[in-house]
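As structure tokens, the structure follows; a few thoughts come after it.
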Amino acid sequence: MSALGRHIIVEFYECNSEILNSVVQIEKSMEAAAVEAGATLINSTFHHFSPYGVSGVVVIQESHLAIHTWPEYGFASVDLFTCGGTVNPWTSYQFLKEAFQAEHGSAVEMRRGELHLLKKRDFNLSQVRDQKSVEDGRPLQTKDVWFTERNDNIALSLKHNGKLFEQQTAFQKVEVYDTFAYGNMLTLDGMIMCTEKDEFVYHEMISHVPMLSHPDAKRVLVVGGGDGGTARELLKHEGVEEVVMVEIDQCVIEASKEYLPAIASALNDPKLSIRIEDGIKYVKETENNTFDIVIIDSTDPVGPSEGLFTKDFYNEVYRILKEDGIMVTQSESPRFNKKVFKEVYQCYRSIFGHDHVFCYLAHIPTYPTGMWSFSFSFKGKNIDPKSGSNKERIQKFVTKNNLSYYNAEMHQAAFALPNFVKQMMNEEIEAM
Numbered sequence: 001m002s003a004l005g006r007h008i009i010v011e012f013y014e015c016n017s018e019i020l021n022s023v024v025q026i027e028k029s030m031e032a033a034a035v036e037a038g039a040t041l042i043n044s045t046f047h048h049f050s051p052y053g054v055s056g057v058v059v060i061q062e063s064h065l066a067i068h069t070w071p072e073y074g075f076a077s078v079d080l081f082t083c084g085g086t087v088n089p090w091t092s093y094q095f096l097k098e099a100f101q102a103e104h105g106s107a108v109e110m111r112r113g114e115l116h117l118l119k120k121r122d123f124n125l126s127q128v129r130d131q132k133s134v135e136d137g138r139p140l141q142t143k144d145v146w147f148t149e150r151n152d153n154i155a156l157s158l159k160h161n162g163k164l165f166e167q168q169t170a171f172q173k174v175e176v177y178d179t180f181a182y183g184n185m186l187t188l189d190g191m192i193m194c195t196e197k198d199e200f201v202y203h204e205m206i207s208h209v210p211m212l213s214h215p216d217a218k219r220v221l222v223v224g225g226g227d228g229g230t231a232r233e234l235l236k237h238e239g240v241e242e243v244v245m246v247e248i249d250q251c252v253i254e255a256s257k258e259y260l261p262a263i264a265s266a267l268n269d270p271k272l273s274i275r276i277e278d279g280i281k282y283v284k285e286t287e288n289n290t291f292d293i294v295i296i297d298s299t300d301p302v303g304p305s306e307g308l309f310t311k312d313f314y315n316e317v318y319r320i321l322k323e324d325g326i327m328v329t330q331s332e333s334p335r336f337n338k339k340v341f342k343e344v345y346q347c348y349r350s351i352f353g354h355d356h357v358f359c360y361l362a363h364i365p366t367y368p369t370g371m372w373s374f375s376f377s378f379k380g381k382n383i384d385p386k387s388g389s390n391k392e393r394i395q396k397f398v399t400k401n402n403l404s405y406y407n408a409e410m411h412q413a414a415f416a417l418p419n420f421v422k423q424m425m426n427e428e429i430e431a432m
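No gaps in the numbering here: position 294 of the sequence shown is 294 in UniProt numbering, and each next residue is one more.
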């Protein structure tokens, strides 16, 4: 052995993009490549970035293997570093080339720590204690695999124990992760939709604020909401006669039933009518004055939800509302998606009237910035959403249903906006 270590710098080209964008497959392949070369695994940490890209490292007793992928180019950059003479990094190279289905790869090997340039020093090993070892002295293997949702400036990462479900549909990529902090988590095209541990905030606030502001809602339309959480909350109101849920992607419903059963618990309720179709088309074909409340429970304005953020669509929603009807939408984070936030409020005010459109806030830990907004627009004249005036009615409902977030005080407080949010709502922007 003429050097302390062997370092191979690798580039893989024309790889399978689906593989390069799967944090689970990348993790398994990198660990397997280390084992194939005869290495001893110590720790692994991997992150998936939204919408694409995986970074990670496998720490081995003999050094490490590291990677970053660019699925959009079918490209992966890999570092293979081994110490001593027991592990052959070229074995890992060949294994990964096949695992990533690379058409070709390039690599250069460098010798690290040329022994003829080094002089060994005495080192007091009695002061060193390995806290990560099992009783017989072998290193204890650990792993960290992370999902990351980000834009150019902000990122949120959640450690998970693996992917439970993955399917690319005609509309979007549907995935479910088993996270350590928030339980099972549903993502669509790499964006977090809901988790088991904090979903109640979103679903209670998007449902009960309009339901307990309306005097007597009988028919409610939900556009989107395939996880079932909004329908679950709406159906807690005994006066509701029918909830129509229009979801474009059947896969979201099936994945939620299987992996998020508490959220999807009401999807078989006889009062719920599920329509698998385009919400834009459904609204356009619905008769005038049909619904008491319309809730737009959509994803961000990309992919299949893009058409739900247009003035033409909201004009149609206004049309199908009854005379005292209410529309509530998720209206993005005023910190994370400022442009869309401003646009939707200008749009709603141009349809419902300036004094008939309100914003209210909730705090959802797994949504970008944690601050999330909802719009409240009403068609009639006798609704004051900010007051939460019938506190007795609200408290009776909250107590009966053992709600976790919404109550009479929260109803009022949600409409108390920070000054910067008020300013954003009134800033002039180009018409939609």
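Built from N, CA and C at the ideal position, the CB exists for glycine as well.
Just so we're clear, the structure is a prediction, and the values are computed from it rather than from any experiment.
Distances from the alpha-carbon of Ile60 to those of Phe75, Pro385 and Asn88 put Asn88 closest.
By the criterion of a C-beta distance shorter than 7 Å, Asn401 is surrounded in its chain by Lys236, once the five residues flanking it on both sides are discounted. Judged by beta-carbon spacing, Tyr52 lies within the 8 Å limit of Glu72, meaning their Cβ atoms are closer than that value. Under the 10 Å beta carbon count, Ile154 is surrounded by fewer than 16 other beta carbons and is classified as exposed. Around the C-beta of Ser106, fewer than 16 other C-beta atoms lie within 10 Å, and the residue is accordingly described as exposed.
DSSP, reduced to helix, strand and coil, places Asp144 within a strand of the structure shown. Minimum Cα-Cα distance from Leu186 among the listed residues Ala408, Tyr348, Phe147 and Ser207 corresponds to Phe147. In the DSSP secondary-structure assignment, Gln330 is bridged to Phe374.
Between Ser375 and Thr329, the C-beta spacing is below 8 Å. With 16 or more other Cβ atoms inside 10 Å of its own Cβ, Asp198 counts as buried. Spanning the alpha carbons of Gly228 and Phe358 requires a straight line of approximately 25 Å. According to the DSSP assignment, Gly279 belongs to no beta strand (DSSP E) but to the alpha helix (DSSP H) extending over Gly279 to Glu285.
Rounded to whole angstroms, the separation of the alpha carbons of Ser50 and Asn21 is 9 Å. Leu96 and Ser44 do not touch by the CB rule: their CB atoms are close to 14 Å apart, not below 8 Å. Taken through DSSP and simplified to helix, strand or coil, Tyr182 comes out as coil.
DSSP places Leu221 in the uninterrupted beta strand (DSSP E) bounded by Arg219 to Gly224.
Annotation: Lys381 to Lys218 spans about 19 Å, alpha carbon to alpha carbon.
The beta-carbon separation of Glu316 and Lys284, rounded to 5 Å, stays under the 8 Å limit for a contact. With a cutoff of 8 Å on beta-carbon distance, Phe165 and Ser404 are scored as not near each other.
In the DSSP assignment, His237 forms no beta bridge with any residue. Judged by DSSP in its simplified three-state form, Glu254 adopts helix. Excluding the 5 residues flanking it on each side, Met371 has same chain C-beta neighbours closer than 7 Å at Ser333, Pro334, Arg335, Leu361 and His363, in chain order. Counting along the chain, Tyr314 sits inside the alpha helix (DSSP H) bounded by residues Lys311 to Ile320. Excluding its 5 nearest sequence neighbours in each direction, Glu323 has C-beta neighbours in its own chain below 8 Å: Asn289, Lys379 and Gly380, listed in chain order. For Val10, the closest alpha carbon among the candidates Ala66, Arg349, Gly38 and Ala3 is that of Ala66. Here the C-alpha atom of Arg6 lies approximately 57 Å from the C-alpha atom of Val223. Judged by DSSP in its simplified three-state form, Glu14 adopts coil rather than helix or strand. Here the C-alpha atom of Val35 lies approximately 7 Å from the C-alpha atom of Leu41.
Secondary structure note for Gln395: its alpha helix (DSSP H) is the uninterrupted segment Lys391 to Asn401. Counting the other CB atoms within 10 Å of its CB gives Ala414 a total of 16 or more, which places it among the buried residues. Annotated as proximal: Met191 and Glu149, with beta-carbon spacing under 8 Å. Here Asp152 is exposed, its C-beta having fewer than 16 other C-beta atoms within 10 Å. Per DSSP, Arg112 is one residue of the beta strand (DSSP E) stretching across His104 to Glu114. By a beta-carbon distance limit of 8 Å, Asn184 contacts Tyr259. Their separation comes to about 5 Å. Burial of Ser298 is indicated by the presence of at least 16 other C-beta atoms within 10 angstroms of its C-beta.
Going by beta carbons, Ala262 and Ala231 fall outside the 8 Å limit.
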